[in-house]
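Contents: one structure, followed by commentary.
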Amino acid sequence: MDNYNALVSVEQLTNKLVTNLIDRAIAFKSGATTKLTRPVYAMNLFFENSTRTHTSFEMAERKLGMTVLDFNAQASSTSKGETLSDTLKTVQAIGVDVVTVRHPQNDYYQPLLADNRFQMTLVNAGDGSGQHPSQCLLDLMTIFEEFGHFTDLKVVICGDLRHSRVARSNMQVLSQLGAILYFAGPAEWFAPEFAHYGQVVDLERILPEVDVVMLLRIQHERFAADATLSDAAFHTQYGLTIARAAQLKPSAIWLHPAPVNRDVEIATELVEAPQSRIFKQMTNGVFMRMAIIEHLLEQRHLIQH
Amino acid sequence: MDNYNALVSVEQLTNKLVTNLIDRAIAFKSGATTKLTRPVYAMNLFFENSTRTHTSFEMAERKLGMTVLDFNAQASSTSKGETLSDTLKTVQAIGVDVVTVRHPQNDYYQPLLADNRFQMTLVNAGDGSGQHPSQCLLDLMTIFEEFGHFTDLKVVICGDLRHSRVARSNMQVLSQLGAILYFAGPAEWFAPEFAHYGQVVDLERILPEVDVVMLLRIQHERFAADATLSDAAFHTQYGLTIARAAQLKPSAIWLHPAPVNRDVEIATELVEAPQSRIFKQMTNGVFMRMAIIEHLLEQRHLIQH
Amino acid sequence: MDNYNALVSVEQLTNKLVTNLIDRAIAFKSGATTKLTRPVYAMNLFFENSTRTHTSFEMAERKLGMTVLDFNAQASSTSKGETLSDTLKTVQAIGVDVVTVRHPQNDYYQPLLADNRFQMTLVNAGDGSGQHPSQCLLDLMTIFEEFGHFTDLKVVICGDLRHSRVARSNMQVLSQLGAILYFAGPAEWFAPEFAHYGQVVDLERILPEVDVVMLLRIQHERFAADATLSDAAFHTQYGLTIARAAQLKPSAIWLHPAPVNRDVEIATELVEAPQSRIFKQMTNGVFMRMAIIEHLLEQRHLIQH
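If you read the sequences in order, they're chains A, B and C. Adding 19 to a residue's 1-based position in the first sequence gives its number in the numbering used here. Adding 19 to a residue's 1-based position in the second sequence gives its number in the numbering used here. Adding 19 to a residue's 1-based position in the third sequence gives its number in the numbering used here.
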């Protein structure tokens with residue numbers, strides 16, 4: 020993870036690091052514990068609404084024995100015009116050691132990492148339509164738990180690839196780990212560079228072959244829905260319907276980052292079906308975030324050995 | 020408490036359970052402590068504004084040694100259209116053990132209790148105009164502390180009975196415990212079924228006889244005030260005025276769930292008067308909620324013996 | 020600190036108390052610790068937006084080993100019309116021992132201190148345009164750390180003196196401690212009583228002589244900016260520009276309570292310059308607040324000896 024103490028982008032993820040983090044997350048899931056060398060203070064600065072990721076990071080921090088300080092974006096000094104950088108340096112001056120940040124602006128972290136007065140440990144919990152590396156890693160953990168490897172696994176990524184750099188990042192890491200990728204969805208949602216990582220396919224044709232269906236969330240809150248495609252039409256044409264799920268191998272699984280738009284990306288009945296790993300992803304997220312934060316704290320000698 | 024690990028309604032309260040919970044709450048008040056068998060994680064999901072009940076549950080959880088995770092409804096994924104059920108299953112997947120929920124929708128808990136994938140301990144902290152069992156139990160504790168019994172205690176319930184299923188629930192439990200009930204207030208606020216539990220009386224006539232005056236809150240935030248009855252007129256006709264309080268026996272007490280509308284349900288001077296138990300109710304609430312949560316955790320073997 | 024267990028105003032600060040608090044804050048900064056005689060519960064009730072002060076109090080409380088309960092003004096019962104006094108007595112009844120309060124109303128604390136049923140420890144974290152004693156004390160600590168004394172230190176206070184009783188309070192305490200005070204800024208921002216504490220000067224003339232430049236924040240959120248003076252014009256005429264900073268002695272420092280309006284009160288380049296103590300003020304704030312709260316808890320015998 021480069022010269023700074025941060026996980027901000029999947030660009031930082033070598034195959035070795037992914038493997039180490041998955042191993043450690045699985046160990047945490049099996050009850051492994053860790054000890055801090057001194058009290059460590061964390062703050063989760065979320066400038067967008069979130070239940071899942073916010074709670075997951077807080078749980079991970081508490082399970083690592085850290086002290087979590089309250090942050091409420093609506094009641095913060097950003098309303099007085101304070102910049103993100105000034106807010107973060109403020110909490111650093113107050114003694115916070117680790118921050119997770121979700122912020123609507125893409126690449127918000129670049130000026131921070133370029134500023135040698137910014138010295139906290141940083142985990143990017145999502146920047147606009149940009150990176151969300153802990154989400155990528157918990158997906159990888161969930162796939163690895165199921166199959167024990169990535170090489171030659173067939174993964175189809177379905178849905179709103181256009182607005183999702185997460186999807187683009189997942190492509191990159193899954194491809195680097197040896198998986199075979201397919202993309203499905205409306206033609207206008209594909210970008211030319213996708214060809215580098217996999218092939219655009221007809222969803223019906225590929226379903227009987229794939230091991231993993233990665234569904235993407237339609238982010239209604241980020242942009243108005245296409246006038247040309249209703250929720251029901253999306254579901255029929257590109258969603259995981261009951262009929263499509265029936266074409267999958269019994270060993271295949273489906274993932275979704277949630278919150279789910281029921282009966283749009285996926286039929287309601289499939290959200291908690293036996294082959295769904297959607298709630299398992301949330302469970303795994305806590306342990307993966309423990310592994311990520313522990314890894315970063317180790318570099319600061321804040322973990323006992 | 021039935022087949023699920025939840026307290027959602029006073030329908031669950033047998034006399035034996037009420038007695039046990041009051042005994043245990045009084046023990047906690049006297050300094051009794053309890054130990055958890057492992058770290059237990061709690062979250063208070065309040066979808067309506069609250070200081071008293073929210074803080075009381077948080078204090079109870081902390082005094083029981085639980086770890087409390089932050090939840091802010093305004094910053095949660097419900098704004099992305101996530102259902103209550105999905106939000107709760109999310110925090111369950113993340114590792115939360117106990118939730119308290121206040122939600123504007125009556126009976127929100129019914130589908131949860133019918134879903135065997137919902138496995139957290141649940142305490143209903145208020146559903147719309149519906150149930151609020153911990154409030155009922157802290158009222159009972161406060162009455163019991165005063166008189167040591169319920170049999171033949173004379174209790175008058177005054178005020179907005181119409182919009183308050185809490186009031187209806189209190190009638191049921193107090194009646195079941197042997198108290199003698201009277202109701203006072205505007206005639207149009209009574210329902211025929213009240214006759215089952217007690218009699219409608221003229222407030223002036225009954226005051227010299229009663230042991231307990233239970234005032235109900237006029238919920239201005241739930242519905243517009245009756246155009247026909249101003250706050251001042253309500254106070255004069257049905258409120259606990261200084262003149263009415265003077266008619267009470269010296270041993271009589273008055274209760275109010277708070278927040279109080281001063282000089283509407285009760286004269287300002289009476290809120291903290293010697294016979295008021297309004298702030299004592301709040302103090303008792305913490306210990307009663309400790310007893311409730313401990314009772315539910317015992318069934319999951321999370322309490323040391 | 021008078022007959023009540025509160026720090027609400029700099030009027031309470033004798034020279035001896037200031038010295039004791041600074042000594043203790045510096046000891047905390049060097050690693051001194053303290054122990055509570057029983058669990059102590061704190062709540063920070065902020066009815067105005069704040070990152071710095073809110074987080075600083077929370078960190079201080081946690082470093083003292085206190086349990087901090089959540090309070091979110093927007094989700095509280097004040098929206099149901101509950102008064103501040105009733106909210107505070109509620110959390111007192113629930114078992115909170117220490118509250119810090121920021122509230123838009125000047126002197127909100129006067130009725131509380133006059134009410135002998137209010138028994139919590141109170142630290143005023145800002146009342147409207149009124150007092151903010153912990154901010155004053157952290158400024159004094161930062162100056163003392165630098166120079167080791169106050170006598171004959173030359174301090175110029177620049178900016179929006181008109182709307183800042185904090186500034187007025189700082190004048191009083193610094194003057195009482197023996198510092199020599201100067202005031203700079205628009206003529207219409209001075210009040211006749213300032214003459215009691217120091218002299219109005221031309222900023223350019225005094226800069227080469229002063230030890231400390233105390234910049235004040237222009238509180239855009241409290242009142243509309245003067246139509247007659249743009250941000251840029253204020254900076255040019257009264258702000259700490261790079262040219263003005265160059266006139267200072269190398270040993271001189273500048274302070275600002277933050278959040279900073281960059282390029283208004285101070286040039287961006289000077290915020291983190293070597294002579295700036297702006298972030299050090301924030302660091303010191305935590306230790307000073309530990310000293311304040313410990314001092315108040317000692318009077319309640321809640322600190323072990």
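Virtual Cβ for every residue (Gly too), placed ideally from N, Cα, C. Note that this is a predicted model, so its numbers are computed, not measured.
query, result
"Beta-carbon separation (whole angstroms), MET301 (chain B) vs THR109 (chain C), contact threshold 8 Å", "6 Å"
"Chain B residues whose Cβ lies nearer than 8 Å to that of ARG71 (chain A)", "SER96, THR109 and ILE113"
"Spatial distance of ASP21 (chain C) from MET309 (chain C) (CA atoms)", "In this prediction, ASP21 (chain C) scores a pLDDT of 47, lower than 50, which makes its location untrustworthy; the coordinate-derived value is nonetheless stated afterwards. Near 20 Å, if we compare the C-alpha coordinates of MET309 (chain C) and ASP21 (chain C)."
"is_contact[PHE298 (chain B), chain C] using C-beta, thresh 8 Å", "yes"
"Chain-order list of residues whose beta-carbon lies under 8 Å from that of ARG281 (chain B) (same chain, five-residue window excluded)", "THR287 and VAL290"
"Boundaries of the beta strand (DSSP E) in which VAL219 (chain A) is found, first to last residue", "217-219"
"Neighbouring residues, chain A, relative to SER28 (chain C) (Cβ below 9 Å)", "Here the premise fails: no neighbours, minimum Cβ distance about 24 Å."
"C-alpha distance - ARG241 (chain A) paired with SER49 (chain A), whole-angstrom precision", "Confidence is the limiting factor: at ARG241 (chain A) the pLDDT is only 47, short of 50, which leaves the residue's position unreliable, though a coordinate-based value still follows. Each residue's alpha carbon lies about 37 Å from the other."
"Selection from A:CYS155, A:GLY178 and A:LEU40 that minimises the alpha carbon distance to GLU317 (chain A)", "A:LEU40"
"Inter-residue Cα distance where the pair is PRO269 (chain A) and THR170 (chain A)", "20 Å"
"Reduced DSSP category for VAL283 (chain B) - H, G, I as helix; E, B as strand; rest coil", "coil"
"GLU77 (chain C) versus ALA252 (chain C): straight-line alpha-carbon distance, rounded", "38 Å"
"N-terminal and C-terminal residue of the alpha helix (DSSP H) that MET233 (chain C) is part of", "Per DSSP, MET233 (chain C) belongs to no alpha helix (DSSP H); it is in the beta strand (DSSP E), 231-234."
"Per-residue burial, ILE261 (chain A) [other beta carbons within 10 Å of its own, 16 or more giving buried]", "exposed"
"Coarse secondary structure for VAL290 (chain A), derived from DSSP in three states", "helix"
"Within 7 Å of chain A by C-beta, residues of the stretch 62-90 of chain C in sequence order", "PHE65, ASN68, SER69, THR70, ARG71, THR74, SER75, GLU77, MET78, ARG81 and ASP89"
"Euclidean distance between Cα positions of ALA144 (chain A) and ASN24 (chain A)", "15 Å"
"Straight-line Cα distance separating TYR257 (chain B) from VAL232 (chain B)", "12 Å"
"Rounded straight-line distance, which links the Cα of ALA186 (chain A) to that of TYR216 (chain A)", "11 Å"
"Contact between the stretch 62-71 of chain C and the stretch 94-101 of chain A (3+ Cβ pairs under 8 Å)", "yes"
"Selected residue, minimal CA-CA separation from ASP320 (chain B), among B:ALA277, B:GLU164, B:ASP42 and B:LEU55", "Here the sequence assigns His to residue 320 (chain B), which means Asp is not the residue at that position. With distances taken between Cα atoms, HIS320 (chain B) lies closest to B:LEU55."
"Contact belief for GLU284 (chain B) with ILE237 (chain B) at Cβ below 8 Å, rounded distance in angstroms", "6 Å"
"Uninterrupted alpha helix (DSSP H) stretches inside the stretch 20-55 of chain B (no shorter than 4 residues)", "34-48"
"Beta-carbon proximity of LEU229 (chain A) to LYS173 (chain A), cut-off 8 Å", "Reading the sequence as shown, one finds Val at residue 229 (chain A) and not Leu. In contact: VAL229 (chain A) and LYS173 (chain A) (Cβ atoms closer than 8 Å)."
"Three-state secondary structure assigned by DSSP to MET62 (chain A)", "strand"
"Residues bridged to LEU88 (chain B) (per DSSP)", "B:MET62"
"Per-residue DSSP class, three states only, for ILE176 (chain C)", "strand"
"SER75 (chain B) burial status per 10 Å Cβ neighbour count (16 or more: buried)", "buried"
"Close Cβ partners of GLY100 (chain A) (< 8 Å) along its chain, the five nearest in sequence each way excluded", "none"
"THR302 (chain C) at chain A interface by Cβ criterion, 8 Å", "yes"
"Buried versus exposed call for SER249 (chain C) [16 or more other C-beta atoms within 10 Å across all chains shown]", "exposed"
"CB contact flag (PRO152 (chain A), VAL27 (chain A), <8 Å)", "yes"
"CB contact check: GLN124 (chain C) to chain B, cutoff 8 Å", "no"
"Whole-angstrom distance between GLY197 (chain A) and LEU235 (chain C), CA atom to CA atom", "59 Å"
"Proximity below 8 Å, CB of SER183 (chain C) to CB of SER148 (chain C)", "yes"
"Per DSSP, cross-strand counterpart(s) of HIS122 (chain B)", "B:ASP146"
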